[in-house]
Structures are given as structure tokens and as C-alpha cells.
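Q: Take the sequence shown: its position 191, counted from the start at 1, is 191 in our numbering, and no numbers get skipped. Yeah, the Cβ is synthetic: ideal placement off N, Cα and C, and Gly gets one too. Note that the structure is a prediction, hence the values are computed from the model and not measured. Sending over a structure as C-alpha cells; questions will come in a sec.
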Amino acid sequence: MEEHQQHHLEILAENGAYVAVNKPCGLLTVPSALATDKRTCMSVLRDRLGEWVYPVHRLDRATSGVLLFARGRESAKILAEAFASRNVLKTYTAVARGHLHEEGTIDHPIAEEKHGTPAQAITHFTPLARIELPIPVGRYATARYTLLSLTPLTGRNHQIRRHLAHLRHPIIGDTIYGDGRHTAMFRQQLGIHRLMLHASSITLPTIDGYPPATISAPIPEEFATLFPDYFPQR
1 MEEHQQHHLE
11 ILAENGAYVA
21 VNKPCGLLTV
31 PSALATDKRT
41 CMSVLRDRLG
51 EWVYPVHRLD
61 RATSGVLLFA
71 RGRESAKILA
81 EAFASRNVLK
91 TYTAVARGHL
101 HEEGTIDHPI
111 AEEKHGTPAQ
121 AITHFTPLAR
131 IELPIPVGRY
141 ATARYTLLSL
151 TPLTGRNHQI
161 RRHLAHLRHP
171 IIGDTIYGDG
181 RHTAMFRQQL
191 GIHRLMLHAS
201 SITLPTIDGY
211 PPATISAPIP
221 EEFATLFPDY
231 FPQR
């Protein structure tokens with residue numbers, strides 16, 4: 001893990017109820033029994049603020065973007081209820097293999113565990129931009145990609161990653177559900193080694209007396225480099 005990922009955590013918004021940070025890819029949200037990481041977003045933020053913080057949702061290690069922590073038990077309860085009742089709107093940005101031209105909704109059940117019962121999972125997506133690179137991958141002479149905005153309406157494990165793989169447009173850099181040939185090309189030809197999935201924004205209702213708010217995280221450099229016409233200010 002890179003040094004800046006271990007120690008730097010940008011605070012995007014804070015008040016007496018919650019703190020929102022820009023999680024870098026490669027850093028866990030909270031400790032995991034499957035990993036030996038001593039530093040997580042929760043521990044870094046706790047040490048920085050000098051107080052205990054409460055996770056109310058999670059981002060995968062490989063995903064960057066807006067991550068929210070509550071600053072007290074009561075706020076944590078209120079936020080957890082807002083997430084559970086789908087009163088929190090989450091928007092993601094992703095780069096997917098292939099060209100998608102129309103917006104749509106993926107309604108495909110997902111099992112939380114390997115042999116579990118599939119539960120309803122819904123993701124809405126909107127194509128934002130498309131590119132075609134003069135780099136051969138597999139049997140094709142060029143490589144096509146789409147920049148997507150995605151809104152999950154449910155919160156299943158790896159939902160966006162699994163839904164786009166189901167659509168046969170997997171996210172670039174996804175080593176679990178993705179296309180290894182395109183991931184390898186991005187690493188070798190473009191120097192991009194990350195999962196191309198970013199939690200762009202969270203819109204919250206009134207929380208513990210604080211007014212509704214939309215919190216956004218800056219788009220990562222790798223996205224802007226691939227789609228300079230869509231992100232001209234970078």
C-alpha cells in the first residue's frame with residue numbers, strides 16, 4: 001500500500017452528526033478478519049479527530065470516493081435507518097468495457113453469500129462518454145470503453161461490479177468479476193492499476209437536525225486522463 005494511502009484522508013464535509021471523507025482506493029473501510037491491515041479509514045479518521053467514529057456504510061478496498069462515518073451512537077442509528085429505508089442517494093462513476101449508448105436499469109437478484117438465496121438488487125446507469133483506443137485486446141484491433149454514472153437502489157455486496165459483469169460490460173480493473181485482458185492492458189499500456197469505480201456523491205436527508213446535503217468527491221486523475229473531453233477542468 002502506498003504511503004499516501006496509509007496516512008492521508010481528505011475530509012469532504014463534517015458537522016456534529018457525521019464526517020465524510022474521500023477514501024483512496026487500496027484502503028479498507030474498517031478492519032477485516034480476511035486482511036492484516038493495521039490502518040483503515042476508520043482508524044485514520046479516529047486518530048485524526050481524536051474521537052471514536054462509527055461506520056454506517058462501506059466501500060470495497062478497491063473503490064475510492066465518498067465514505068461516511070457518524071460521530072455518535074445516536075447519529076449512527078439515524079444514519080443507519082436512512083440507509084436502510086433508501087433515503088440516502090449514492091452515485092458512482094465507473095469505466096466499463098465496451099460501448100453503452102442508452103441509460104437503463106439492471107434488475108438482477110444477488111446472493112450475499114456463495115450459496116445464499118438471491119435478494120432483489122437494482123442499479124440504474126447512465127452513459128456519460130465513450131472512447132475507442134487504438135490498442136488491440138484479444139481478437140479486436142481497438143478497445144472500447146464507456147464512462148458511466150450509476151445509482152444503486154439497493155445495497156448488495158459488490159452490487160455494481162456484479163451487475164455490470166452480468167450486463168457483459170465489466171468494470172475495468174475488477175480482478176474478481178472483470179476481464180483480465182483489459183485489466184492487463186490498462187496496467188501495461190496506460191499505467192492504470194486501480195479498479196475504475198469511484199463513489200462520486202452521497203445525498204443525505206435531514207440528519208440529527210442538520211439539513212439535507214449532497215457531498216461529492218473529486219474525480220480521480222485516472223478517470224480524467226481517459227476522458228479529458230468530459231472532465232475538461234482537470
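(1) Indicate the three-state DSSP secondary structure (helix, strand or coil) for F231 in the structure shown.
(2) Taking 7 Å as the cut-off, decide whether the C-beta atoms of A13 and I215 are in contact.
(3) Identify which residue in R144, S200, D179 and A76 has its Cα closest to the Cα of P24.
(4) Examine the ligand ADP and report whether any of its heavy atoms sits within less than 6 Å of the Cβ of F227.
(5) Once you ignore the five residues that flank G65 on each side, which residues in its own chain have a CB closer than 7 Å to its CB?
(6) So A70 packs on I171, CB below 8 Å; how close in whole Å?
(7) For I219, which of helix, strand or coil comes out of DSSP?
(8) What's the C-alpha gap between I135 and H182?
(9) Alpha carbon to alpha carbon, how far is R156 from L167?
(10) Using C-beta distances below 7 Å, list every residue in its chain close to G138, excluding the 5 sequence neighbours before and after it, in chain order.
(11) Taking 7 Å as the limit between beta carbons, can you name the residues of its chain near T154, skipping five residues before and five after?
(12) In angstroms with no decimal places, state the Cα-to-Cα distance between T105 and L150.
(13) Taking the alpha carbon of M196 as the reference point, which residue from Y145, G50 and T29 has its own alpha carbon closest?
(14) Assuming T203 contacts L89 under a Cβ cut-off of 8 Å, what Cβ separation, rounded to an integer in Å, is found between them?
(15) Using beta-carbon positions only, say whether T126 and E112 come within less than 7 Å of one another.
(16) Take H163 as the anchor and find which of G209, H108 and I131 has the nearest alpha-carbon.
(17) What did DSSP end up calling A198 once you bin it into helix, strand or coil?
(18) Taking 8 Å as the limit between beta carbons, can you name the residues of its chain near A129, skipping five residues before and five after?
(19) When the distance is taken between beta carbons, is A17 closer than 7 Å to D208?
(20) My assumption, with CB atoms under 8 Å, is that A141 sits in contact with L68. Please give the rounded CB distance.
(21) In this structure, what does DSSP give as the bridge partners for V95?
(22) So what does DSSP say about G191, is it helix, strand or coil?
A: Let me spell this out:
(1) coil
(2) In contact: A13 and I215 (Cβ atoms closer than 7 Å).
(3) S200
(4) In the structure shown, the ligand ADP is absent, as is every other ligand, since no ligand is present at all.
(5) N22, K23, L59, H198, A199, S200 and A217
(6) Not a contact, Cβ separation roughly 29 Å.
(7) coil
(8) 10 Å
(9) Those two C-alpha atoms are separated by around 16 Å.
(10) R181
(11) Q120, A121 and I122
(12) 9 Å
(13) Y145
(14) A Cβ-Cβ distance of about 4 Å is found for the pair T203 and L89, placing them in contact under the 8 Å criterion.
(15) No. Outside cutoff.
(16) H108
(17) Reading the sequence as shown, one finds His at residue 198 and not Ala. Residue state, collapsed to three classes: strand.
(18) T146, L147, F227, D229 and Y230
(19) yes
(20) At roughly 44 Å, the Cβ-Cβ gap does not stay under 8 Å, so A141 and L68 are not in contact.
(21) L147
(22) coil
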